[in-house]
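*Asks:*
Protein chains in written order, with this note's numbering: chain A, 2 to 85; chain B, 147 to 350.
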């Protein structure tokens with residue numbers, strides 16, 4: 002795996018925790034333990050996304066790209082990256 | 147509104163192309179129990195859902211199905227990348243190839259193009275939730291069938307992830323059905339359509 006893939010996998014893991022909690026909270030919106038887990042993982046995810054985006058470009062389209070529109074940059078999610 | 151995230155929900159990195167697997171996995175892209183049908187079904191049904199839990203669940207599961215559609219597209223793309231004409235012919239991929247080359251097209255394993263006839267949006271939440279529960283089980287069986295033919299870990303791993311999500315979604319839809327019927331008159335759940343006949347809910 003490349004450094005980029007390793008970081009992206011970590012981000013994906015945290016995003017997955019949030020997604021699964023989101024579906025659970027849709028039917029249990031008052032479950033306090035699930036709500037605090039959601040906040041906990043959201044707090045872990047945020048700095049990781051920030052670091053990833055500063056190194057490899059944006060994960061969601063945004064104007065915060067410096068002087069280039071880095072959104073267009075390869076690889077796209079279906080591309081295969083060569084190992085380091 | 148939708149915002150795209152430039153990342154697959156679960157990583158797909160297939161090192162060995164395999165046209166034979168691509169030929170069957172395409173069914174989860176545009177086949178009868180595939181991810182395109184799943185996302186369209188839930189994202190269409192949600193508009194007439196009468197209670198907030200159902201609106202939220204159908205929106206969030208419908209959105210997750212779009213992630214799954216993208217993962218299946220990535221699997222098919224990577225399985226058919228850099229194939230030689232000889233491999234295409236040997237693996238029986240030539241019938242697909244003649245119409246689409248290696249473009250990802252929503253069709254079943256048998257080549258039937260995607261049709262909205264695979265899904266229903268009945269405008270009755272009890273009916274729609276039963277369709278959704280069945281859809282998750284049909285998709286789960288399809289993934290089980292795909293796994294029978296997978297001998298490559300790189301393919302098995304994301305397919306197993308997708309299979310597990312069908313089970314979770316089934317669970318969530320089951321809870322929604324219970325939440326809905328708990329708010330209806332248990333003497334006869336079927337006397338009214340809870341989306342159309344507004345007076346059917348119990349007084350709080």
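All residues carry an ideal CB built from backbone N, CA and C; glycine is no exception.
How many angstroms separate the CA atom of residue 188 (chain B) from the CA atom of residue 194 (chain B)?
*Replies:* To locate residue 188 (chain B), count along the second chain from 1; it is residue 42. To locate residue 194 (chain B), count along the second chain from 1; it is residue 48. Spanning the two alpha carbons is a distance of roughly 11 Å.
*Asks:* How many angstroms separate the CA atom of residue 149 (chain B) from the CA atom of residue 61 (chain A)?
*Replies:* Along the second chain, one-based indexing puts residue 149 (chain B) at 3. Along the first chain, one-based indexing puts residue 61 (chain A) at 60. In a straight line, the C-alpha of residue 149 (chain B) is about 7 Å away from that of residue 61 (chain A).
*Asks:* Within 8 Å (strictly less), CB to CB, does residue 252 (chain B) reach chain A?
*Replies:* Indexing the second chain from 1 puts residue 252 (chain B) at position 106. Taking Cβ atoms only, chain A never reaches closer than 8 Å to residue 252 (chain B), which makes this a no.
*Asks:* By alpha-carbon positions, which one of B:234, B:180, B:191 and B:197 ends up nearest to residue 163 (chain B)?
*Replies:* Taking the second chain and counting its residues from 1, the one referred to as residue 163 (chain B) is at position 17. When each option's Cα is compared against that of residue 163 (chain B), the closest is B:234.
*Asks:* When we look at the beta-carbon of residue 310 (chain B) and count the other beta-carbons within 10 Å, is it buried (16 or more) or exposed?
*Replies:* Against the second chain, residue 310 (chain B) aligns to sequence position 164. Burial call: exposed.
*Asks:* Measuring straight from C-alpha to C-alpha, what distance separates residue 338 (chain B) and residue 346 (chain B)?
*Replies:* The residue you call residue 338 (chain B) lines up with position 192 of the second chain. The residue you call residue 346 (chain B) lines up with position 200 of the second chain. Cα to Cα, residue 338 (chain B) sits roughly 6 Å from residue 346 (chain B).
*Asks:* Identify the contact partners of residue 159 (chain B) in chain A, using a Cβ-Cβ distance below 7 Å as the criterion.
*Replies:* Translated into positions along the second chain, residue 159 (chain B) becomes position 13. Chain A residues near residue 159 (chain B): 81.
*Asks:* Here's the rule I'm using: 16 or more other beta-carbon atoms within 10 Å means buried, otherwise exposed. How should residue 134 (chain B) be labelled?
*Replies:* Residue numbering for chain B in the displayed model covers 147 to 350; residue 134 (chain B) lies beyond these limits and cannot be assessed.
*Asks:* Ignore the nearest five residues each way along the sequence and tell me which others in residue 209 (chain B)'s own chain have a CB closer than 8 Å to its CB.
*Replies:* The sequence position of residue 209 (chain B) within the second chain is 63, counting from 1. Closer than 8 Å at Cβ, skipping near neighbours: 148, 185 and 189.
*Asks:* Output, in chain order, the set of chain A residues within a Cβ distance shorter than 7 Å of residue 219 (chain B).
*Replies:* Locating residue 219 (chain B) in the second chain gives position 73, where the first residue counts as 1. Near residue 219 (chain B) (Cβ distances below 7 Å), the residues of chain A are 79.
*Asks:* Excluding the 5 residues preceding and the 5 following residue 331 (chain B) in the sequence, name in chain order all residues of the same chain whose CB lies nearer than 8 Å to its CB.
*Replies:* Position 185 of the second chain, counted from the first residue, corresponds to residue 331 (chain B). 337, 346 and 348.
*Asks:* Residue 238 (chain B) and residue 169 (chain B) - do their beta-carbons sit closer together than 8 Å?
*Replies:* In the second chain, the residue the question calls residue 169 (chain B) occupies position 23. In the second chain, the residue the question calls residue 238 (chain B) occupies position 92. Yes.
*Asks:* On the three-pair Cβ rule with 8 Å, is the segment 174–181 of chain B touching the segment 320–334 of chain B?
*Replies:* No, the segment 174–181 of chain B does not touch the segment 320–334 of chain B.
*Asks:* DSSP beta-bridge partners for residue 259 (chain B)?
*Replies:* Walking along the second chain from the start, residue 259 (chain B) turns up at place 113. DSSP output for residue 259 (chain B) lists B:253 as bridge partner(s).
*Asks:* From residue 246 (chain B) to residue 326 (chain B), what distance separates their C-alpha atoms?
*Replies:* Numbered from its first residue, the second chain carries residue 246 (chain B) at position 100. Numbered from its first residue, the second chain carries residue 326 (chain B) at position 180. Going by the C-alpha atoms only, they are around 44 Å apart.
*Asks:* What does residue 28 (chain A) touch in chain B if you count any residue whose Cβ is under 8 Å from its own?
*Replies:* As a working note, residue 28 (chain A) is residue 27 in the first chain. Those within 8 Å of residue 28 (chain A) in chain B are 199, 203, 318, 321, 322 and 325.
*Asks:* Using a 10 Å radius around the Cβ and a threshold of 16 neighbouring Cβ atoms, would you call residue 203 (chain B) buried or exposed?
*Replies:* Stepping through the second chain from its first residue, residue 203 (chain B) is reached at position 57. That one is buried.
*Asks:* For residue 18 (chain A), collect the residues of the same chain with a Cβ closer than 8 Å to its Cβ; drop the 5 residues on either side in sequence, then sort them by chain order.
*Replies:* Taking the first residue of the first chain as 1, we reach residue 18 (chain A) at position 17. For residue 18 (chain A), where only same-chain residues beyond five positions count, the Cβ hits under 8 Å are 38 and 42.
*Asks:* Just mark residue 192 (chain B) as buried or exposed, buried being the case when its beta carbon has 16 or more other beta carbons within 10 Å.
*Replies:* Reading the second chain from its first residue, position 46 is the one you call residue 192 (chain B). Classification for residue 192 (chain B): buried.
*Asks:* Following the continuous alpha helix (DSSP H) through residue 304 (chain B), name the residue where it begins and the one where it ends.
*Replies:* Taking the first residue of the second chain as position 1, residue 304 (chain B) is located at position 158. Start and end: 299–328.
*Asks:* Whole angstroms is fine: what's the gap from residue 84 (chain A)'s alpha carbon to residue 78 (chain A)'s?
*Replies:* The count along the first chain starts at 1 and reaches residue 84 (chain A) at position 83. The count along the first chain starts at 1 and reaches residue 78 (chain A) at position 77. In a straight line, the C-alpha of residue 84 (chain A) is about 15 Å away from that of residue 78 (chain A).
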